[in-house]
Amino acid sequence: MAESDDSSSAPRTFSNAYRALKASLRLSSAQAAPQHSATSAIVGREDEKAILHSYLSLVSSADVGMYISGPPGTGKTALTTALGRELALNGWRAVEVGVMGLRAVDVWSRLGEELGCGKTEADVTAHLKATKQNVFIILDELDSLLPPPPGLPSAATSHTLSRLFSLPLLSSSTRTVKLVGISNTLDLTVRANLVLPDGARPQVLPFKAYGALEMTKIVGARLAAAADGPEAAQVDANAAQLLCRKVEAQNGDLRMCLGVLSDAVSLAEAEWVKKNAGAETPRPLVKVSMPHVLKAFQSHTNKLRAAAGSSSTASASPTTNKIRSVPLQGRMVLVSLLVFVMRTRTGLAPCPTGTASDILTASTLYSTYAHLLSHDASPFPPSSESDYRDLVSNLETLGLVSLSHDGRRTRGLASGSSPRIELCVREAEVKDGLGLGVKGGVGLAEEEVQRVWAREEARVSRVKARSEAMIERAAQGIAVAE
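Residue numbers (the UniProt record's numbering): 1 to 482.
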């Protein structure tokens, strides 16, 4: 009887190994760690950790908070809340308010609930003035209070945000009040029209998208946490590294990377369950391998494209819908192409100015793409050349660009080759699909693309204006001489 119990419990034990692995991928590393080391348990983001700690130790009569911005899945909330847990162990009162779904005026009510005081601005202010405890306030998803860019908030919303960011000014010799606002929008503090004492501005801390190397380290730490014991589920290291490179090429979203890997674990688990159906003794665990990861990644990509297609308006063209289904890094390749064409069409040197040829090839387009994303304001770095080739091949598969050698069409972008690249669709459709010129209702991807395009368009306009002014002055000089 005992033998029967052991054998029947073995499949459940092995299945639990897959569940433990998926739980490790879902759980924040800071949550899984002892609270006294919450921030140190978060792999990477060392510079951001140092800046956050520096802000907390800052003593200033002009402190109006810190604003953390960056794309989704870059660890903004995870690191900030981990820091809050550490502070709580040191006697601070750490409160977190997620403002998604709230109106601006309701933020005071929610903040008052968390602080244990009244629910008006006056109540919160009076509480902070009276307390002798240091207070750390986290306001997450602040961008939900603003209309879609480039829309501006109402005067009431701007006033509320201004008052919230002014709370650290209540600090005194007996207490410290610190506030950190978090959102995906990079320019919220500008669009919000904040009115703060003496023209002060919140300290801004941008979080750039994760690179493949950073994600590989984080994923490795998660996998190692669940790998103890002989009955632990295993993941092919090469498959995990490939996934990190693919996610970097799309958007650098760590949550997407962990989610896809969790789906791959589920595929391996389903395969193991199928092999054990009717087996007298449990079969060995199925290792999470390359096919599982690639299938999970493709499934996730298809879901994103389907969602993009279903959210498109009925009047949008098929080309526009295709472009909207392209990942963020692919869209940056398209906007780089438009920038290259805009500069050469107006007689300016291609971007960057060191590019020798004005013929658009794979290599010159990569130079432009890498140059644009190497800007200080860029929230993520350019993809590697190998991942860039995948991005271009995807655009070709969608029928958006064509590749040709000596006038002959080619398929795919082989390593080391530099075929000529041309648009297969009208520029107007590309701009429409990228959201260029849209006045509202755009998502984060469109917002990032718009920012790059607007910056380069303004740069070209300035150069053209200087050239026209020089020509006009020269013409006036000739007229005077005559």
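From the three backbone atoms N, C-alpha and C, an ideal C-beta is built for every residue, glycine too.
What you are looking at is a predicted structure, and each value in this text was computed from that prediction instead of being measured.
Between the alpha carbons of alanine 469 and arginine 343 lies a gap of roughly 18 Å.
Where tyrosine 210 is concerned, there is no enclosing beta strand (DSSP E), because DSSP gives it neither an H nor an E. Shown here, methionine 66 sits in a strand according to DSSP, grouped into three states. Between the beta-carbon of glutamine 298 and that of glutamine 250 there is about 12 Å, and that puts the pair past the 8 Å contact cut. Beta-bridge analysis with DSSP links serine 144 to no other residue. The shortest C-alpha to C-alpha distance from cysteine 424 to any of Glu271, Thr364, Ala224 and Leu338 is the one to Leu338.
Threonine 397 counts as exposed, since fewer than 16 other C-beta atoms from the protein chains shown sit within 10 angstroms of its C-beta. Distances from the CA of glycine 433 to each of Pro318, Phe340, Val204 and Leu254 were compared; the closest alpha carbon is that of Pro318.
Minimum Cα-Cα distance from lysine 22 among the listed residues Leu179, Ala224 and Pro419 corresponds to Ala224. If you compare the alpha carbons of Ala362, Ala268 and Lys322 with that of serine 386, the shortest gap goes to Ala362. In this chain, glycine 44 is not harboured by any beta strand (DSSP E), its DSSP state being neither H nor E.
Boundaries around glutamate 96 are those of the beta strand (DSSP E), 93–98, since no alpha helix (DSSP H) includes it.
Ranking Tyr366, Ser378 and Val195 by CA distance to the CA of arginine 420 puts Tyr366 first.
With fewer than 16 neighbouring CB atoms inside 10 Å of its own CB, histidine 375 falls in the exposed class. Residue burial annotation: proline 168 is buried, with at least 16 other C-beta atoms found within 10 angstroms of its C-beta. Of the candidates Ala78, Val265, Ala88 and Tyr388, the residue whose Cα lies closest to the Cα of serine 183 is Ala78. Uninterrupted alpha helix (DSSP H) stretches at least 4 residues long and entirely within the segment 220–295 occur at 237–250 and 254–276, given in chain order.
In this chain, the beta strand (DSSP E) harbouring valine 180 covers 177–183.
A Cβ-Cβ distance of about 5 Å is found for the pair lysine 76 and phenylalanine 207, placing them in contact under the 8 Å criterion. By the C-beta criterion, the segment 284–300 is judged to be in contact with the segment 227–243, since at least 3 inter-stretch pairs fall below 8 Å. DSSP places arginine 455 in the helix class (H, G or I) of the three-state scheme.
The residue from Lys275, Gly278 and Ala264 with its alpha-carbon nearest to that of valine 288 is Ala264. Note that the C-beta distance between serine 402 and glutamate 422 is below 7 Å.
Bounds of any alpha helix (DSSP H) do not take in leucine 398, whose DSSP letter is neither H nor E. Taking the C-beta atoms as reference points, alanine 104 is found nearer than 7 Å to leucine 145.
Closest by C-alpha distance to glutamine 133, out of Glu113, Trp92, Gly116 and Gly65, is Trp92.
In this structure, serine 171 sits away from valine 180, with a CB-CB distance that is not shorter than 7 Å. Boundaries of the alpha helix (DSSP H) harbouring isoleucine 323: 318–324, taken from the DSSP string.
With a threshold of 16 other beta carbon atoms within 10 Å, arginine 473 falls short and is exposed. Isoleucine 138 sits close to glycine 84, with the two beta carbons spaced by under 7 Å.
In the three-state scheme derived from DSSP, where H, G and I count as helix and E and B as strand, isoleucine 359 is classed as coil. Secondary structure of serine 172 (DSSP, three-state): strand. Contact annotation, valine 99 with aspartate 140: C-beta distance approximately 7 Å; criterion of less than 8 Å satisfied. Taking the CA atoms as reference points, serine 162 sits about 6 Å from valine 195. In the DSSP assignment, leucine 164 falls within the unbroken alpha helix (DSSP H) covering 155–165. Threonine 364 is classed as buried because its beta carbon has at least 16 other beta carbons within 10 Å across all chains shown.
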